[in-house]
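Read through the structure below, which is laid out as structure tokens, and then see the notes.
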Amino acid sequence: MRKIEHIGIAVQDLEESNALFAKLLGKTHFKTEIVAGEAVETSFFQVGETKVELLQATKPESAIAKYLEKKSPGVHHIAFDVEDILAEVARLKDEGFEILNETPKEGADNKLVVFLHPRSTHGVLVELCQERK
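Residue numbers for the sequence shown follow the numbering used here, beginning at 424 and rising by one.
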């Protein structure tokens with residue numbers, strides 16, 4: 424793992440949250456994107472080498488919508504940049520971590536992503552990200 428790529432924050436209202444984080448960070452978001460496979464709309468803020476990703480559900484059955492039903496808006500996951508996502512998945516499986524999707528899927532911001540179950544990471548949803556080539 425090379426760095427923290429982004430911190431994902433689940434929100435109810437992306438427009439309202441963009442305004443709040445723009446005030447907080449002193450800059451506007453640099454892009455929004457719909458990730459149809461995850462049924463979310465995302466918005467990204469750059470903070471140094473790390474990004475803040477706001478996530479709003481686009482369908483009531485999405486993981487973000489379900490998360491918000493159980494919990495309030497807030498930190499949803501932490502994502503780490505990796506050089507070789509398949510090698511990292513194999514390493515983490517060997518270390519005993521529970522992988523939610525062993526086959527990388529398309530994520531936002533031109534990334535391939537894999538998630539680790541919070542059960543195996545002390546309650547933190549961990550995302551592995553690799554730049555798509």
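Here a beta-carbon is modelled for each residue, glycine too, at the ideal position from N, C-alpha and C.
- Counting every other CB atom within 10 Å of its CB across the protein chains shown gives Thr465 a total of 16 or more, marking it as buried.
- Leu447: not part of any beta strand (DSSP E); member of the alpha helix (DSSP H) spanning Leu437 to Leu448, first to last residue.
- DSSP lists Ile522 and Val549 as the beta-bridge partner residues of Leu539.
- Gly431 and Glu461 have their C-alpha atoms roughly 13 Å apart.
- Its Cα nearest to that of Glu511, the residue Thr526 stands out among Gln469, Ile501, Thr526 and His499.
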